[in-house]
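Take the position in the sequence shown, starting the count at 1, then add 46; the result is the number in my numbering. Where is the CB? At the ideal position from N, CA and C, for every residue including glycine. Note that the coordinates shown come from a computational prediction; the quantities given were computed from them, not determined experimentally.
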Amino acid sequence: MRLTSGDDERLLRDAARGVLARGATWTDFAEQGWLALPVSEAFGGIGGSGSLIAVLAEEMGRARVPGWIAGALLTAALIEAAGSAAQKAEWLPALAEGRLRIAVAHSEGRGLLEVSTRWDGALHGIKPSVVDAGSADLWLVTATTNGGLGVFAVTPVAAPEYDHIDGGRAADLSFAATPAVPLGDPALDATPAILETLDRANAAACAEALGAMEGLIEATVEYTRTRVQFGQPLARFQALRHRMAEMAVKRDEARGSALLAALSLTLSPKDRARAASGARAKIGRLSRHVAHEAIQLHGAMGVSEEMPLGLWLRRLFAFENSWGHTDAHLARYADLMADPALREEGLLRPGPDEGMNLSLSPEDLAFRDQVRAFFTATLDPATERAERLNPSFLAHPPTGLAWLPKLPKGWAVPSWPAKHGGPGWTLTQRYLFDQESERAGEPHFRGASFKMIAPVLMRYGTEAQQARYLPRILNGQDFWAQGYSEPGSGSDLASLSCKAVRDGDAYIVTGSKIWSTHAHHATKMFALVRTDDGGKKQQGITFLLIDLKAPGVSLRPIRSIDGTHEFNQTFFDGVRVPVADRVGEEGDGWEIAKYLLEFERGGSFAGGLLRALYGRLWRIAEGSGLTTDPLFRARFAEIGTDIDANDMLELGSMSAVASGGNPGAVPAAVMKIERSRIRQAITELAAHSLGPEALRWEATRPLDALPEESALAEERKVAVPAYLNARAQSIFGGSNEIQLEIIARALIG
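So this is what it looks like as structure tokens:
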């Protein structure tokens, strides 16, 4: 698996951006080899991969240059998929060299295969808005036949042209007993070839729309930096900054969806359709939002022809209405999600590790099967039931601690290096383990102990601290809580006031922490405390390890809106903490805190969990008879496209790390925002799918203390508490508004 661009992609991007910036004609396309890019090498082309085609299409969208996808890619793909050997040999080399221009006449409505034109030995019908029909040397026309659909070559005749909304030219073509030559065997149904062609065109169109989104965001950022109102640039106003950051979030989601579509073209027809239509549905929605926001943030200038924004909006409008409307692609995706293999499996597939790809090696597949077999054999019904009935984001601690010793050595800490007791797995193996553990329903016990304080100790802790605490985390002797937020310091964490005063070889800690998850089960707490009031508020913060059994520690329970006791306020009244339990130097706390927050916000995988919850949502809706309801299916499909995009963001970050890079704070912020929104959307739709039974409140906690029922009945029982609990997803770990500000600083400054 590799999602990072290679030299070929980078070179093409740089060259295309330079050529397109100077203005490019069809002749330039031929000279640059762009007409040959989608043509296979066997017919004189380059045989460019999906990722290379996506790079060029993205630059076309950024530069607002129309026509390449329709005139080059669509035509080449259709001939290769449907044409005879002789037709391929005649047309494809000429197309690659720019000696032959072809226009494809297909769409007649909003659907992908909405075709009324018929062939009975000749063509009869009307094809509206055929791009570049007037300049074409050949028309390729789709029509119904006795066997399904066919593709037919027609010698062009005069057809009145008009301006197309995207800046090109188009014509309506009428056929009345028009002679036509079939592509391939007319007795065979060409529907599979047409769908493959449309998927290829739509994958490229998604990349082109992504380029338009990039252009819109760049123009908006530049405008708000220089446009002064009320005595300062518009980019200084937080409301506008966050709206632009939201545009960037949607751009990053779109990038993931577009790349998925590009890399899925060589997969099975179902995988290809899922990726192409999912991307079309999602990017249609996202790009429309970005275009509307760009215009709004430009004020009156945005609705004038003084700025290029309207041209991008027109291009994106054409994108949504070409080769299947956005809604038609969402419906197609919804149909595909009825297949549990597509609904609940991840995106990686067996295949060769060549170029940019989503492939799993035979070794990775063997590892996945090993993990799956372990969970099937070992995860006992009581543990599985306890997690099924858990509405929280973390397992009930007794459940997790009981499961811990059943895991093979190192499996409790898949991300730990081998020298500290981890399994030494590759990133791909860690990803697969996460997918399989979520599929099986393993308890979510890897919280603050395993994923937060452990990485901090590995990086900043002394050898003595590592030797003492890491083994105790591994065997469950120590259970850690987080001590960051305070009653007066939530998102503004640097304003914390919990004091630690040095007294010989100890600190005396006084103050309180709040939202201490599972502190009533914990033995230890890692906490940020103030050791110096001078200088900036980020200075003078120190990171301490506190024994929660020490004298002076007390707790006040805080019950969540779902009825679960998971939070607490923790009070420190003169608690002595040895200096030996300080991590780093005095005053290093802020640096350590930022490092830890990267793990809390984006340092682990969420795709497996989201897919497991997505599968549960389908089962709940099926139990309510909603899986055939058009409104439910549309919303369910939208969530599915969101999960796909999130998976690509995760895999992209994983690929960057594997290549020696550091994804950084912005991708972590984007993923934190999207994960929280997806989980909230899933749980909300599940709760609202129950009907009147949702109104019955069950106060017992934990829910697995209740008498056992069927698995589906218990999934329905926990749906409303899970919905209520999920409201915290966009708050903890730094609220989504804080994440938007992180993104805004990187985007705008």
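If you follow the beta strand (DSSP E) that residue i is in, where does it begin and where does it stop?
| i | result |
| --- | --- |
| P603 | V599 to R605 |
| N614 | H611 to P624 |
| G171 | L169 to V177 |
| K545 | K545 to D549 |
| L837 | Because the chain is modelled from 47 through 795, residue 837 falls outside the range shown and cannot be assessed. |
| L219 | R215 to T224 |
Assuming residue i contacts residue j (C-beta within less than 8 Å), just tell me the rounded distance between them.
| i | j | result |
| --- | --- | --- |
| T270 | M290 | 7 Å |
| I99 | L124 | Not really, about 15 Å apart at Cβ, beyond 8 Å. |
| G536 | I592 | Actually they are not in contact, since the Cβ atoms of G536 and I592 sit about 20 Å apart, beyond 8 Å. |
| S405 | R395 | 7 Å |
| A236 | L219 | With a Cβ gap of about 19 Å, A236 and L219 do not count as contacting. |
| L376 | E684 | 7 Å |
| W114 | G261 | With 8 Å as the limit, W114 and G261 do not qualify as a contact, their Cβ atoms being about 16 Å apart. |
| I499 | W526 | 5 Å |
| V555 | V621 | 5 Å |
| L244 | L158 | 6 Å |
| F421 | A486 | 4 Å |
Taking C-alpha atoms, which residue in the options lies nearest to residue i?
| i | options | result |
| --- | --- | --- |
| M259 | R605, E339 and S333 | S333 |
| R361 | A321, A255, T312 and R287 | A255 |
| N708 | L758, E644, D178 and W743 | E644 |
| E400 | L49, A790, E787 and Y769 | L49 |
| E482 | V417, A319, A62 and R762 | V417 |
| S461 | A727, D480 and D381 | D480 |
| S756 | D688, R665, Y769 and A680 | R665 |
| S368 | A510, R59, L516 and P174 | P174 |
| T224 | D212, A239 and T201 | T201 |
| S407 | T472, D690 and M353 | T472 |
| A325 | T266, G302 and E207 | G302 |
| E292 | G557, R246 and A340 | A340 |
| A714 | I728, E696 and H335 | E696 |
| D183 | M498, L158 and L141 | L141 |
| E631 | P437, S650, L574 and L659 | L574 |
| A247 | R628, M717, G96 and E783 | G96 |
What does the Cβ neighbour count give for residue i, buried or exposed, with the cut at 16 atoms within 10 Å?
| i | result |
| --- | --- |
| S323 | buried |
| V295 | buried |
| G91 | buried |
| V203 | exposed |
| R548 | exposed |
| S162 | exposed |
| T73 | exposed |
| V764 | buried |
| P469 | buried |
| G671 | exposed |
| R657 | buried |
| P443 | buried |
| M47 | buried |
| V274 | exposed |
| P398 | exposed |
| I607 | exposed |
| Q775 | buried |
| S350 | exposed |
| G706 | exposed |
| F589 | buried |
With DSSP as the reference, please indicate the residues paired to residue i in a beta bridge.
| i | result |
| --- | --- |
| V197 | T188 |
| W526 | K570 |
| S558 | F617 |
| F589 | L574 and V629 |
| Y506 | In the DSSP output, where bridge partners are listed per residue, Y506 has none listed. |
| R395 | S405 |
| A149 | W185 |
| Y553 | R548 and V623 |
| E532 | S535 |
| P228 | F198 |
| Q275 | Q278 |
Between which two residues does the alpha helix (DSSP H) containing residue i stretch?
| i | result |
| --- | --- |
| E207 | Here E207 belongs to no alpha helix (DSSP H); instead the beta strand (DSSP E) covers E207 to D209. |
| L286 | Q284 to L309 |
| D538 | Note, D538: premise wrong, no alpha helix (DSSP H); not H, not E. |
| F75 | W72 to E77 |
| R361 | L355 to E366 |
| E105 | G96 to A109 |
| N436 | From DSSP, N436 is part of no alpha helix (DSSP H); its letter is neither H nor E. |
Got a sec: does the ligand NAD put a non-hydrogen atom nearer than 6 Å to the Cβ of residue i?
| i | result |
| --- | --- |
| G534 | The ligand content of the structure shown is nil, which means the ligand NAD is not present either. |
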